[in-house]
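Residue numbers (the working numbering), protein chains in the order written: chain L, 2 to 80; chain R, 7 to 371.
Here a beta-carbon is modelled for each residue, glycine too, at the ideal position from N, C-alpha and C.
In this text the structure is predicted, and so the values were computed from the model without any measurement.
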Amino acid sequence: LPLTPANGDKRLLAERYLKRFYGLPAGLQGRQRSADAFQTQLKEMQKFFKLKITGTLDDDTMQLMEQARCGVPDVGEYN
Amino acid sequence: HFPRHLKWQKNEITFRIINYTPDLKKADVDRAIRTALNVWADVTPLTFRKLHEGTADIMISFGSREHGDYNPFDGPNGLLAHAYPPGPGLGGDTHFDEDERWTKDSSAYNLFMVAAHELGHALGMSHSSDPGALMYPIYQYITGFPLSEDDIEGIQALYGPNPNSKKVKPRPVAPTKCDPDLSFDAVTELRGETIVFKDRYYWRLHPQMPEPDLVVIKSTWPFLPNKVDAAYENPEKDQVIMFSGVKMWALNGYTLVDGYPKYIHKLGLPKSIRKVDAAVHIKDTGKTLLFADEQYWSYDEATGTMDRKYPRSIEDDFPGMNDEFDAVAYHYGQLYFFHENLQYEYSYNARKVIRIQRSNSILSC
């Protein structure tokens with residue numbers, strides 16, 4: 002089903018966040034693989050911040066993503 | 007650390023401030039950067055020499071949006087700054103987002119706090135998941151020496167300790183919510199959420215959120231001290247009163263109410279009381295109970311006066327509760343007394359303890 006605009010915005014923000022700080026691969030991928038990678042990176046982020054690891058964009062996770070922060074990635078190589 | 011434990015292969019590191027933010031005086035920027043470097047120099051053998059021209063190891067600049075490294079900033083808020091791990095060229099370089107408002111205090115983003123964090127990256131420190139660490143990725147404003155044990159262990163693993171070590175007092179690590187010995191400083195409600203204070207942190211529990219959030223007190227209320235002794239909410243006035251030592255602060259959400267802080271003695275407490283151990287507001291009666299040592303007082307919120315015939319003995323009026331308390335909360339006719347790592351659920355009407363649990367059961371442990 003198409004996402005509602007609000008959910009779409011949340012997802013977009015989360016994707017941008019995970020790409021920047023958790024190495025979520027950018028670019029075209031198979032639909033299934035893309036969803037898997039998103040959930041894996043989201044769980045990694047939730048683990049780093051000691052949030053409940055749900056793999057979904059719950060309120061706690063979204064709130065944290067909206068906070069002012071340093072631009073250096075939290076995990077992975079920094080090129 | 008960053009992958010491959012990137013570090014400078016020398017102890018004298020040069021830095022250069024390429025440009026300045028118009029938000030602050032030049033001297034204030036210089037001071038913020040130098041103080042931030044000194045934070046790391048205090049605990050390592052590293053020294054920092056300022057260059058006024060040419061290429062330094064750490065090149066510091068302010069820029070907005072795309073600023074020359076293909077790693078753009080995003081306008082106000084969001085990303086505040088970034089820095090590159092030690093290495094040639096871009097390595098060690100530290101960039102601040104000019105679209106932020108940089109300050110010397112807590113009114114906007116404190117340049118010293120952000121610089122100390124970023125320069126940690128420039129020396130080889132990656133992000134820490136300890137919310138009490140300077141290297142935690144989320145911006146927080148604190149006062150005092152900014153490094154925690156976690157930061158010091160990290161930087162000393164790369165460069166070793168300072169041979170002429172000045173004694174520095176690291177900030178304690180953040181409390182862990184499921185530590186069986188965990189005790190609390192204060193507990194209050196705040197607009198439907200429960201706020202639990204411990205050292206310079208508080209947990210925020212929202213009925214719809216499964217996990218409590220751990221936050222540094224000063225990052226929400228920069229004007230509060232680092233430790234809260236007691237707190238209560240008066241929902242009729244939409245105010246939370248926080249106590250620390252002989253002073254109290256009234257907050258309307260996140261803002262300080264005019265006229266505060268005030269001395270606790272303004273409530274009618276005797277001058278001999280130097281600290282309130284716990285406070286709780288009983289919605290059904292409109293009274294606030296203030297606990298100090300083995301006694302308690304009853305404060306009438308409607309008249310703004312202390313009730314007569316107080317103080318009374320805690321042991322006499324709350325049979326079964328003969329200790330001093332760390333914190334007290336009230337929910338639906340039950341009082342919750344917190345003492346060390348135990349929480350006593352007390353029936354206000356039946357005047358007896360009906361259940362004993364660990365204090366941190368309130369944090370879903």
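* Give me whichever residues DSSP pairs with residue 23 (chain R) in a beta bridge. => Under DSSP, residue 23 (chain R) forms a beta bridge with R:66.
* **9 Å Cβ cut-off: residues of chain R touching residue 60 (chain L)** => Under the 9 Å cutoff, chain R gives 212, 214, 215.
* To do: Name, going along the chain, the residues of the region 109 to 132 of chain R whose beta-carbon falls closer than 9 Å to a beta-carbon of chain L.
  => Within the region 109 to 132 of chain R, the residues whose Cβ lies closer than 9 Å to some Cβ of chain L are 115, 120, 123, 124, 127, 132, listed in chain order.
* Does any heavy atom of the ligand MG sit closer than 7 Å to the C-beta of residue 192 (chain R)? -> The model on display carries no ligand, and the ligand MG is accordingly not part of it.
* Asked: In chain order, what residues of the same chain have a beta carbon less than 8 Å from the beta carbon of residue 244 (chain R), not counting five sequence neighbours either side?
  -> Contacts found: 197, 258, 259.
* Asked: By Cβ distance below 6 Å, which residues in the same chain neighbour residue 219 (chain R) in space, the five residues on each side in sequence not counted?
  -> Beyond the five residues adjoining it in sequence on each side, residue 219 (chain R) comes within less than 6 Å, by CB distance, of 210 in the same chain, given in chain order.
* Assumed close pair residue 66 (chain L), residue 18 (chain L) - CB separation to whole angstroms, cut-off 8 Å -> Taking C-beta atoms under 8 Å as the contact rule, residue 66 (chain L) and residue 18 (chain L) qualify, at a distance of about 5 Å.
* Asked: Taking the DSSP output, what are the residues bridged to residue 337 (chain R)?
  -> Per DSSP, the beta bridge partners of residue 337 (chain R) are R:340.
* Thinking C-alpha only, which one of R:335, R:99, R:339 is nearest residue 365 (chain R)? -> Considering only R:335, R:99, R:339, the residue with the shortest C-alpha distance to residue 365 (chain R) is R:335.
* So is residue 145 (chain R) in contact with chain L if we call contact Cβ pairs under 8 Å? -> For residue 145 (chain R), the nearest beta carbon of chain L is closer than 8 Å to its own beta carbon.
* Asked: Taking Cβ positions only, does residue 84 (chain R) come closer than 8 Å to chain L?
  -> It does: the Cβ of residue 84 (chain R) has a partner Cβ on chain L nearer than 8 Å.
* Distance CB(residue 359 (chain R))-CB(residue 326 (chain R)) smaller than 8 Å -> In contact: residue 359 (chain R) and residue 326 (chain R) (Cβ atoms closer than 8 Å).
* Show which residues of chain R have a CB atom less than 8 Å away from the CB atom of residue 70 (chain L). => Within 8 Å Cβ-Cβ: 84, 85, 86, 143, 144, 145.
* In angstroms, rounded to a whole number, what distance separates the CA positions of residue 38 (chain R) and residue 25 (chain R)? -> Distance between the alpha carbons of residue 38 (chain R) and residue 25 (chain R) is about 14 Å.
* Asked: Listed from N- to C-terminal order along the chain, which residues in the region 48 to 80 of chain R have their beta-carbon within a distance smaller than 9 Å of any beta-carbon of chain L?
  -> Here the close residues are 77, 79, 80.
* Asked: How close, in whole Å, do the beta carbons of residue 67 (chain R) and residue 11 (chain R) come, if the pair is a contact with beta carbons under 8 Å?
  -> About 26 Å separates the beta carbon of residue 67 (chain R) from that of residue 11 (chain R), a gap too long to meet the 8 Å contact definition.
* Cβ of residue 38 (chain R) less than 8 Å from any chain A Cβ? -> In the structure shown, chain A does not exist; the protein chains are L and R.
* **Assigned exposure category for residue 116 (chain R) - 16 Cβ within 10 Å defines buried** => With 16 or more Cβ atoms within 10 Å of its Cβ, residue 116 (chain R) is classed as buried.
* Asked: So is residue 160 (chain R) buried or exposed if we call it buried at 16+ other beta carbons inside 10 Å?
  -> Residue 160 (chain R) comes out buried.
* Asked: Using a C-beta cutoff of 8 Å, does residue 75 (chain L) count as contacting chain R?
  -> Closer than 8 Å: yes.
* What three-state label does DSSP hand residue 248 (chain R) in the structure shown? -> Here residue 248 (chain R) sits in strand by DSSP.
* Test item: CB-CB of residue 63 (chain L) and residue 11 (chain L) under 8 Å -> Residue 11 (chain L) is positioned such that its CB atom lies closer than 8 Å to that of residue 63 (chain L).
* Where does residue 148 (chain R) fall in DSSP's three states? -> The answer is coil: DSSP assigns residue 148 (chain R) none of H, G, I, E or B.
* residue 37 (chain L) versus residue 138 (chain R) - alpha carbon distance -> It is roughly 32 Å from the alpha-carbon of residue 37 (chain L) to the alpha-carbon of residue 138 (chain R).
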